[in-house]
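Q: Residue numbers (the numbering used here): 10 to 513.
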Amino acid sequence: MTGPPGASDTGPAWWTEVLVSQRLRLTYLSLFGVALLVLVVALSVVVASDHSRRMFIDRQNDAERYAELAAPALATGQTYALRTDLDEYDRLYRVHAVLVSQDGVGVLSSSGLPDDDTDRYRAAIDAALSGERSAPAGPVWPWQSGPMVVAEPVGSGGEVIGVLLTVSPTGPLRRTILLWWGLFAAGGLLVLVAGSVAARGLARWLVRPLRALSAATEEIAQGRLRRRVATSTGPPELREFATSFNTMSDRLGDLVDRQRTFVSYASHQLRTPLATVRLRVETLAAFVRPEGGEEQVLALDEVDRLSRICDALLAFAVGDTTAPEIVDAAAVLDDRLRSWQGVASRGGAGLTVTAPAPLPVLAARDTLDQVLDALIDNALKFAGDDAHVEVRAERVDERWVEIHVVDDGPGMSDEQRAHAAEPRWREPTDRNIAGSGLGLTVASALLTASGGGLDLRAAHPRGVDAVVRMLAAPPAPLTPDPDGKPHGDADPAGTRAADVAGAR
Numbered sequence: 010m011t012g013p014p015g016a017s018d019t020g021p022a023w024w025t026e027v028l029v030s031q032r033l034r035l036t037y038l039s040l041f042g043v044a045l046l047v048l049v050v051a052l053s054v055v056v057a058s059d060h061s062r063r064m065f066i067d068r069q070n071d072a073e074r075y076a077e078l079a080a081p082a083l084a085t086g087q088t089y090a091l092r093t094d095l096d097e098y099d100r101l102y103r104v105h106a107v108l109v110s111q112d113g114v115g116v117l118s119s120s121g122l123p124d125d126d127t128d129r130y131r132a133a134i135d136a137a138l139s140g141e142r143s144a145p146a147g148p149v150w151p152w153q154s155g156p157m158v159v160a161e162p163v164g165s166g167g168e169v170i171g172v173l174l175t176v177s178p179t180g181p182l183r184r185t186i187l188l189w190w191g192l193f194a195a196g197g198l199l200v201l202v203a204g205s206v207a208a209r210g211l212a213r214w215l216v217r218p219l220r221a222l223s224a225a226t227e228e229i230a231q232g233r234l235r236r237r238v239a240t241s242t243g244p245p246e247l248r249e250f251a252t253s254f255n256t257m258s259d260r261l262g263d264l265v266d267r268q269r270t271f272v273s274y275a276s277h278q279l280r281t282p283l284a285t286v287r288l289r290v291e292t293l294a295a296f297v298r299p300e301g302g303e304e305q306v307l308a309l310d311e312v313d314r315l316s317r318i319c320d321a322l323l324a325f326a327v328g329d330t331t332a333p334e335i336v337d338a339a340a341v342l343d344d345r346l347r348s349w350q351g352v353a354s355r356g357g358a359g360l361t362v363t364a365p366a367p368l369p370v371l372a373a374r375d376t377l378d379q380v381l382d383a384l385i386d387n388a389l390k391f392a393g394d395d396a397h398v399e400v401r402a403e404r405v406d407e408r409w410v411e412i413h414v415v416d417d418g419p420g421m422s423d424e425q426r427a428h429a430a431e432p433r434w435r436e437p438t439d440r441n442i443a444g445s446g447l448g449l450t451v452a453s454a455l456l457t458a459s460g461g462g463l464d465l466r467a468a469h470p471r472g473v474d475a476v477v478r479m480l481a482a483p484p485a486p487l488t489p490d491p492d493g494k495p496h497g498d499a500d501p502a503g504t505r506a507a508d509v510a511g512a513r
């Protein structure tokens, strides 16, 4: 009992490829984005620190120069020239300058100091009066609004006689830092976009060989053993894996070809001897005593059974070598109904077929005919006298068509249904019923080769529901056989049924 490949798939192969590609891109972009963010933040801190340090050094040098000029002015009381210089300095650079005497009293000022940070000014003046020079207070951040304060001691004869205090607005500095940060952000965004494009190409480069391997695996699972994958694209590890995959496929194809050749050759070679044996056993009828007639019939039955086994083996060997094509399942069902109606009537059983027309499916030529022959034959043989067999077909979705062969016989247990498609398996109570024991095995193999599957379920209230799943095909003109039938002959049930019929 088998299911069609892909029956449990959650989505088409291209959607899986998209998901894998997106996951790879997300992983790459996440790592790349984190690294880029760390780099941009580090550069932003460096730029803010560097510009703040350079402005502080510049203001400290100016304060030191004016402190040297302030020493004689404080000593002599002649501050006019110094006041003129400080006013010009304030006018050009908007830097407020204040000269404070040794006792902390302001001597002169270029302009009024902002009075919103007087505690900070007083702390800087007190530190300078004690002989300490101002130290950098760290980077100036764009969200800060306070000025830069620099206090330089004014010395004379090794003694601090005053302090020169400068208060510089940081607006231009903050705007410069913001400009650099904006440039870094724009550059980082451009790099991120470029990284996204590169990640997409890298993901495709990695996923493309995986997609090819996935498609090749699916085709090989469906019986197309000559499928190979390219070994010239992708990373070295995947190219090596593709080479190993092709080697495995070659080996598998050779083994399967040998098996098919052997089974086909053996079946062909056995047909002629079996036909000869049957003919000779039949010609012995005139020489057999009446009491030996029953033994002759048993011998003929045994020869017929061996012939059916050979035919089933041959069908099993070549069943998955034919390419699928579009077949009208409804027409095949009608054809099988005509072939089996007489057999069912002679056995006292009923046979009905229900199918919408047309019902196109993908299958190798004669596959559906042989599968239905095996399933209907099993249903009529094992359901018992006066049984009813219903064959109905329906399109369950856009991809699949299901054909149910339902009987109202005694049915099978779960364990029996699980083993029914195994070669030569039979219930001990059914071993005397004619058949090769390969019918369901061959049917399952033929369906698998066409991309479908066979599933045995319990019917209600009793019996077996044999479900044939086949790939649906779009409506298309069907090429009839020379005798006018849609890719399936209407051999009498006695010939085709004997070829592929088996026991459950």
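Ideal Cβ positions, reconstructed from N, Cα and C, are used throughout, including at glycine.
Would you mind sorting Y274 into buried or exposed? The rule is 16 or more other CB atoms within 10 Å of its CB.
A: With fewer than 16 Cβ atoms within 10 Å of its Cβ, Y274 is classed as exposed.
Q: Would the segment 46–57 count as touching the segment 178–190 if we require 3 or more Cβ pairs under 8 Å?
A: A contact exists between the segment 46–57 and the segment 178–190.
Q: Straight-line CA distance for L108 to W152?
A: Computed Cα separation, rounded: 30 Å.
Q: Identify, in the order they occur along the chain, each residue of the same chain with its Cβ nearer than 8 Å to the Cβ of Q305, setting aside the five sequence neighbours on each side.
A: Closer than 8 Å at the Cβ level, and outside the excluded window around Q305, lie V290, L293, A294, V297.
Q: What do you reckon, are the CB atoms on A72 and E161 nearer than 9 Å?
A: Yes. Within cutoff.
Q: Note down the Cα distance separating A358 from V398, rounded to an integer number of angstroms.
A: Each residue's Cα considered, the two are about 8 Å apart.
Q: Quick check: the Cα distance between G420 and H277, rounded to an integer number of angstroms?
A: If you take the alpha carbons of G420 and H277, they lie about 36 Å apart.
Q: Using the Cα positions of S316 and R237, report the straight-line distance between them to the nearest angstrom.
A: Distance between the alpha carbons of S316 and R237 is about 38 Å.
Q: In chain order, what are the residue ranges of uninterrupted beta strand (DSSP E) at least 3 long that sit wholly in the segment 42–87?
A: Runs of the beta strand (DSSP E) inside the segment 42–87: none found.
Q: Pick helix, strand or coil for E407, following the three-state DSSP scheme.
A: Three-state DSSP puts E407 in coil, outside helix and strand.
Q: For A468, which residues in the same chain have their Cβ closer than 8 Å to its Cβ, ignoring the five residues on either side in sequence?
A: These residues qualify, in order along the chain: V415, D416, D417, G420, D474.
Q: Once the 5 residues before and after G197 are set aside, which same chain residues still bring their CB inside 8 Å of it?
A: Hits under 8 Å: L45, L46, L48, V49.
Q: Note down, in chain order, each residue of its chain lying with its Cβ closer than 6 Å to the Cβ of S30, except the 5 sequence neighbours on either side.
A: Same-chain partners within the cutoff: A212, V216.
Q: Rounded to whole angstroms, what's the CA-CA distance from L83 to A136? Just pull it up for me.
A: Using only the alpha carbons, I get a separation of about 19 Å.
Q: Is it the case that the Cβ atoms of A452 and L384 are separated by a distance below 9 Å?
A: Result yes, Cβ atoms of A452 and L384 sit closer than 9 Å.
Q: How is V297 classed by DSSP in three states: helix, strand or coil?
A: Coil at V297, not helix or strand.
Q: Residues in the same chain with beta-carbon distance under 7 Å from L234, minus the five sequence neighbours each way, listed in chain order, please.
A: Around L234: S258, L261, G262, V265.
Q: Looking at the unbroken beta strand (DSSP E) that takes in A160, where does it start and where does it end?
A: Unbroken beta strand (DSSP E) run through A160: 157–165.
Q: Might you give, ordered along the chain, the residues of its own chain that have their beta carbon closer than 7 Å to the beta carbon of L346, omitting 5 neighbours on each side?
A: Closer than 7 Å at the Cβ level, and outside the excluded window around L346, lie L360, V362.
Q: Using only CA atoms, which one of R92, T179, T127, T450 lies nearest to M64?
A: Of R92, T179, T127, T450, the residue nearest in Cα terms is T179.
Q: Note down, in chain order, each residue of its chain lying with its Cβ closer than 6 Å to the Cβ of A80, except the 5 sequence neighbours on either side.
A: Excluding positions up to five away in sequence, the list reads V163, S165.
Q: Quick check: Q69 and S119, are their CB atoms within less than 9 Å of each other?
A: For Q69 and S119, no; Cβs fall outside 9 Å.
Q: Specify, as a first and last residue, the run of the beta strand (DSSP E) that L234 falls within.
A: L234 -> no beta strand (DSSP E), and no H or E assigned at all.
Q: If you draw a straight line from the C-alpha of S42 to the C-alpha of R103, how long is it?
A: It is worth fixing the name first, because residue 42 is Gly in this sequence and not Ser. Looking at the two C-alpha atoms, the distance is approximately 41 Å.
Q: Hey, A402 and A340 are a contact pair by Cβ (cut 8 Å); roughly how many whole angstroms apart?
A: Not confirmed; about 11 Å, so no contact.
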